[in-house]
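Structure record follows, encoded as structure tokens.
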Amino acid sequence: MQKADEKSIRRYLSQNAQSIKIETVDIIDSTNDEMKRRAASGEKEISLLIAERQTKGRGTRGRSFHSPEGTGIYMSFLLRPDYTPSECTFLTTMTAVCTAEAIEKVTGRKTNIKWVNDIYIENRKVSGILTQSHFSSDLKRVEWSVVGIGVNITEPEGGFPKEIENIAGTVGNTVPDTKNRIIAEIINGVCHYYPRLREKTFRKGYSDRLLWRDGKIKVAQGDKSYEATLVDIDEDFRLKVKLTDGSEAVLESADISV
Ligand code: BTN
Numbered sequence: 019m020q021k022a023d024e025k026s027i028r029r030y031l032s033q034n035a036q037s038i039k040i041e042t043v044d045i046i047d048s049t050n051d052e053m054k055r056r057a058a059s060g061e062k063e064i065s066l067l068i069a070e071r072q073t074k075g076r077g078t079r080g081r082s083f084h085s086p087e088g089t090g091i092y093m094s095f096l097l098r099p100d101y102t103p104s105e106c107t108f109l110t111t112m113t114a115v116c117t118a119e120a121i122e123k124v125t126g127r128k129t130n131i132k133w134v135n136d137i138y139i140e141n142r143k144v145s146g147i148l149t150q151s152h153f154s155s156d157l158k159r160v161e162w163s164v165v166g167i168g169v170n171i172t173e174p175e176g177g178f179p180k181e182i183e184n185i186a187g188t189v190g191n192t193v194p195d196t197k198n199r200i201i202a203e204i205i206n207g208v209c210h211y212y213p214r215l216r217e218k219t220f221r222k223g224y225s226d227r228l229l230w231r232d233g234k235i236k237v238a239q240g241d242k243s244y245e246a247t248l249v250d251i252d253e254d255f256r257l258k259v260k261l262t263d264g265s266e267a268v269l270e271s272a273d274i275s276v
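When the letters of the sequence shown are read in order and numbered with our numbering, they come out as residues 19 to 276.
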């Protein structure tokens with residue numbers, strides 16, 4: 019597969035996205051870790067780092083993210099939003115919509131969003147998002163946020179690792195320049211939605227793609243787990259579920275599965 023390269027990516031960028039800084043590297047521990055280091059040394063927004071391979075790709079909840087060479091997109095945005103800590107949770111949902119829209123536009127395949135940060139195609143996870151933020155010492159403001167995106171384009175040689183072989187899927191490398199085009203469309207989405215994040219104009223795009231709506235799910239919260247029916251997201255992207263006793267609950271954070 020082609021490597022990510024800045025010149026090709028810029029060919030697909032909309033006018034208002036051209037001002038972002040793009041850097042590509044062959045290998046890194048984690049693009050999120052590197053952007054966090056750069057954020058701490060004063061790097062400005064909007065900056066994007068893309069790696070061909072990560073040796074220590076990070077997922078949510080302390081998991082790792084398999085990041086072999088030549089099969090995926092591994093990249094992180096550095097943003098310095100003028101937000102409160104609670105508002106920066108919308109960066110994840112916004113980026114999920116940007117990624118879903120980019121994959122659909124480039125590949126023509128329908129995507130779903132598994133609450134809160136995973137993109138699925140045909141019931142398989144093809145992309146995940148990890149947002150990490152640093153707050154001011156009085157915890158009133160966000161100093162910086164690093165939003166990392168991983169997309170599986172093709173299956174690694176020898177297949178996915180055992181732990182994810184039943185979940186992981188790929189978007190496919192079926193159109194010319196798939197990788198650079200998906201990267202560019204994600205950037206276009208971020209440059210469109212990020213300046214107006216508070217309007218949450220991406221809410222419909224999220225809700226319309228919500229995976230397992232009306233379906234039975236298993237909810238894991240800390241050490242407890244229970245069954246529920248997935249209803250929808252609320253205005254703030256919390257998950258509305260119906261419990262087995264017929265009551266409704268709104269979840270701020272949880273791990274859901276079927
Ligand atoms: C998840 O599925 O749990 C989130 C995965 C996020 C992976 C991306 S790949 C680029 C960036 N760098 C990392 O170390 N993680 C994110």
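For every residue, glycine included, the Cβ atom is placed at its ideal position computed from N, Cα and C.
1) What number of angstroms, rounded off, separates the C-alpha of Ala-120 from the C-alpha of Trp-133?
2) Is it the case that the CB of Met-112 approaches a heavy atom of ligand 1 more closely than 7 Å?
3) Can we count Phe-83 as close to ligand 1, meaning its CB is less than 7 Å from some heavy atom?
4) Considering only the alpha carbon of each residue, which of Pro-179, Thr-113, Thr-102, Ile-27 lies closest to Val-160?
5) Would you mind sorting Thr-73 into buried or exposed? The rule is 16 or more other CB atoms within 10 Å of its CB.
6) Note down the Cα distance separating Glu-122 from Cys-116, rounded to an integer number of angstroms.
7) Would you list the one or two residues that DSSP bridges to Ile-147?
8) Helix or strand or just coil, what does DSSP make of Thr-42?
9) Could you tell me whether any non-hydrogen atom of ligand 1 is closer than 7 Å to the CB of Asn-50?
10) Take the Cβ of Lys-54 as the centre, count every other Cβ of all protein chains shown within 10 Å, and call the residue buried at 16 or more, exposed below.
11) Going by other Cβ atoms of all chains shown within 10 Å of its Cβ, with 16 needed for buried, is Val-276 buried or exposed?
12) Tell me whether Glu-63 sits in a helix, a strand or coil according to DSSP, three-state version.
13) Nearest CA to the CA of Leu-67: which residue from Ser-59, Asp-156, Asn-50?
14) Out of Gly-207, Leu-269, Glu-140, Thr-111, which one is the CA nearest neighbour of Gln-33?
15) Does the region 214-223 touch the region 102-113, meaning 3 or more C-beta pairs lie closer than 8 Å?
16) State yes or no: is the C-beta of Leu-215 within less than 8 Å of the C-beta of Trp-162?
Concretely, from the data shown:
1) On the sequence shown, residue 120 is found 102 positions in, with the first residue counted as 1. On the sequence shown, residue 133 is found 115 positions in, with the first residue counted as 1. Using only the alpha carbons, I get a separation of about 18 Å.
2) By one-based count along the sequence shown, residue 112 stands at place 94. Outside the cutoff, so no.
3) Along the sequence shown, read from residue 1 onward, the residue named residue 83 stands at position 65. Flag set: Cβ of Phe-83 near ligand 1.
4) On the sequence shown, position 142 is the one that residue 160 refers to. Among Pro-179, Thr-113, Thr-102, Ile-27, the Cα nearest to that of Val-160 belongs to Thr-102.
5) Walking along the sequence shown from the start, residue 73 turns up at place 55. With fewer than 16 Cβ atoms within 10 Å of its Cβ, Thr-73 is classed as exposed.
6) Sequence index remark: in the sequence shown, residue 122 carries index 104 (1-based). Sequence index remark: in the sequence shown, residue 116 carries index 98 (1-based). In this structure, the straight-line span from the alpha carbon of Glu-122 to that of Cys-116 is close to 10 Å.
7) Here residue 147 corresponds to residue number 129 of the sequence shown, with the count starting at 1. Note: Ile-147 is bridge-paired with Ile-167 in the DSSP secondary-structure output.
8) For the purposes of this step, residue 42 is taken as the residue at position 24 of the sequence shown. Of the three classes helix, strand and coil, the one that applies to Thr-42 here is strand, per DSSP.
9) As a first step, residue 50 is located in the sequence shown; it is residue number 32 there, counting from the start. Yes, the beta carbon of Asn-50 sits closer than 7 Å to at least one heavy atom of ligand 1.
10) Counting from 1 along the sequence shown, the entry for residue 54 is found at position 36. Lys-54 counts as buried, since at least 16 other C-beta atoms from the protein chains shown sit within 10 angstroms of its C-beta.
11) Counted from its first residue, the sequence shown places residue 276 at position 258. When all chains shown are included, Val-276 counts as exposed.
12) Within the sequence shown, the letter at position 45 stands for residue 63. Of the three classes helix, strand and coil, the one that applies to Glu-63 here is coil, per DSSP.
13) Taking the sequence shown and counting its residues from 1, the one referred to as residue 67 is at position 49. Among Ser-59, Asp-156, Asn-50, the Cα nearest to that of Leu-67 belongs to Asn-50.
14) Taking the sequence shown and counting its residues from 1, one reaches residue 33 at position 15. The shortest CA-to-CA distance from Gln-33 to any of Gly-207, Leu-269, Glu-140, Thr-111 is the one to Gly-207.
15) When Cβ pairs closer than 8 Å are counted between the two stretches, the region 102-113 is seen to touch the region 214-223, the count reaching three or more.
16) If you number the sequence shown from 1, residue 215 lands on position 197. If you number the sequence shown from 1, residue 162 lands on position 144. Not closer than 8 Å, so no.
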